[in-house]
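Residue numbering for the sequence shown is 587 to 728, as defined by this note's numbering.
Each residue gets a CB set at the ideal place from its N, CA and C atoms; glycine is no exception.
Below is one structure; the comments refer to it alone.
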Amino acid sequence: MGAPVILCGKTEAVGTGVIASLKPEFDVIHFIMTPEAGAAQIPAIFRGEQGVEAHSALGSHDYSQKPAAVILGGGYDDAGIETMLKASAGIHPIPWLRPDLTLPAPPFGTPDYGKALVQRIKARLAQLEQEGRLHEEKVVLY
587 MGAPVILCGK TEAVGTGVIA SLKPEFDVIH FIMTPEAGAA QIPAIFRGEQ
637 GVEAHSALGS HDYSQKPAAV ILGGGYDDAG IETMLKASAG IHPIPWLRPD
687 LTLPAPPFGT PDYGKALVQR IKARLAQLEQ EGRLHEEKVV LY
């Protein structure tokens, strides 16, 4: 089983492909679909609670280990990210990965879109680990 992560996406269709592509290095333990859900559910996961409400069946729902990162999809804007960050500030400092929308990517919603972002996610998390920055509570572009 890979390192536990939380994935925030707007659609289960894209989320399903991203979750499959993140394996085996990462185990998506929870899938968030709105900033409001994230603001409620992410702090509970960070605190190590087991019976966390889920609005999606996606993810392993294995909360035995705290997540190593929160991965945000391109559908989350500054306000939504800020809502989730404020709700969970200081509980479990880890990086929040956000896509760099200035980088070229395949069209949203296509299978290649998710695959391209997963390659960038894996590379960025490996870089953060090498730099010893996996315990910094900040938004990092991928």
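Local Cβ density within 10 Å of residue i, reported as buried at 16 or more and exposed below that
i: proline 693; result: exposed
i: leucine 727; result: exposed
i: leucine 689; result: exposed
i: proline 590; result: buried
i: glycine 700; result: buried
Range of the contiguous alpha helix (DSSP H) that encloses residue i
i: proline 621; result: 621-632
i: proline 685; result: Run containing proline 685: none; DSSP gives neither H nor E here.
i: tyrosine 662; result: Counting along the chain, tyrosine 662 falls outside any alpha helix (DSSP H), and DSSP gives it neither H nor E.
i: aspartate 698; result: 697-716
Cutoff 7 angstroms; reference residue i; Cβ partners in own chain excluding five residues on either side
i: phenylalanine 632; result: Lys652, Ser674, Ile677 and His678
i: aspartate 698; result: Pro692
i: glutamate 598; result: Ser642 and Leu644
Option nearest residue i by Cα separation, candidates the options
i: leucine 720; options: Ala702, Ile680 and Ile707; result: Ile680
i: glycine 588; options: Glu635, Ala654, Ile667 and Tyr699; result: Ala654
i: serine 642; options: Thr688, Val600, Phe612 and Leu703; result: Val600
Close Cβ partners of residue i (< 6 angstroms) along its chain, the five nearest in sequence each way excluded
i: glutamine 716; result: none
i: alanine 630; result: Val638
Beta bridge counterpart(s) of residue i as assigned by DSSP
i: phenylalanine 612; result: Ala589
i: phenylalanine 617; result: Leu593
i: valine 726; result: Leu683
Boundaries of the beta strand (DSSP E) in which residue i is found, first to last residue
i: isoleucine 657; result: 655-658
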